[in-house]
Amino acid sequence: RHTRYWRDWSSDVCSSDLDYTKLAEKNEAENYADMRTVKTKTELATRRDFARQLMKANSELLTFMEASDSRFREKLRKLGVTGSEAEKVAAGFSRGFGRSMPTVRRVRKADESMCKTLISMCDLLEAEWGKWEVKDEDIVFADDKVAERYNELVDAITKAADDQITAQREMIELQQRLPH
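Here it is in structure tokens:
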């Protein structure tokens with residue numbers, strides 16, 4: 006019947022991508038995933054819209070990062086660096102940046118999972134509007150099966166947040182091992 010409260014989640018802010026950074030900061034300030042503070046259906050719609058915006062910005066950030074190698078090579082051409090010198094510099098960039106891309110993808114995937122789960126949480130609360138309440142810091146549902154589904158969503162968003170934190174730590178370790 007009772008749901009578990011889960012810790013705050015926040016998105017990785019590791020890029021200069023302005024849209025993504027602004028949305029991640031907004032999530033930190035507003036804590037959109039804490040459903041205990043929802044009082045109206047409009048608030049659910051706001052949170053759902055926020056999750057969609059963050060998911061879009063997250064996808065755009067990943068696309069931008071995946072194209073970094075070709076953008077770097079284009080910049081070298083524009084600077085007049087060509088031939089073996091350009092290949093040597095580009096290979097160094099690719100070695101360093103390329104090592105981190107699998108981990109970057111894991112961070113981005115975790116963000117996507119958290120956003121999708123947040124949308125599902127909003128959908129569930131809206132579908133069950135009037136059949137749940139906040140009691141003693143928990144969301145309590147009239148239907149045990151609905152409470153079970155909500156707890157599954159809480160577990161999913163918590164797992165994604167844990168996966169993201171692990172990937173972020175690995176990224177930091179990779180960056181610390183790179184020659185400066």
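Residue numbers are given in my numbering: position 161 of the sequence shown equals residue 166, and the series is strictly consecutive.
Virtual Cβ for every residue (Gly too), placed ideally from N, Cα, C.
Boundaries of the alpha helix (DSSP H) harbouring D116: G88 to A132, taken from the DSSP string. For D141 and K27, the gap between their C-alpha atoms comes out near 32 Å. Straight through space, the alpha carbons of R52 and Y37 are spaced by roughly 6 Å. Residue pairing by DSSP puts D143 in a beta bridge opposite K140.
In the structure shown, A38 falls within a coil segment according to DSSP collapsed to helix, strand and coil.
When DSSP states are grouped into helix, strand and coil, V151 belongs to the helix group.
Judged by beta-carbon spacing, W137 lies within the 7 Å limit of F146, meaning their Cβ atoms are closer than that value.
When the beta-carbon positions are compared, T108 and M60 stay at least 7 Å from each other. Cβ-Cβ distances below 7 Å link M119 to W14, I162, A165 and A166 in the same chain, with the five nearest sequence neighbours on each side left out; the list follows chain order.
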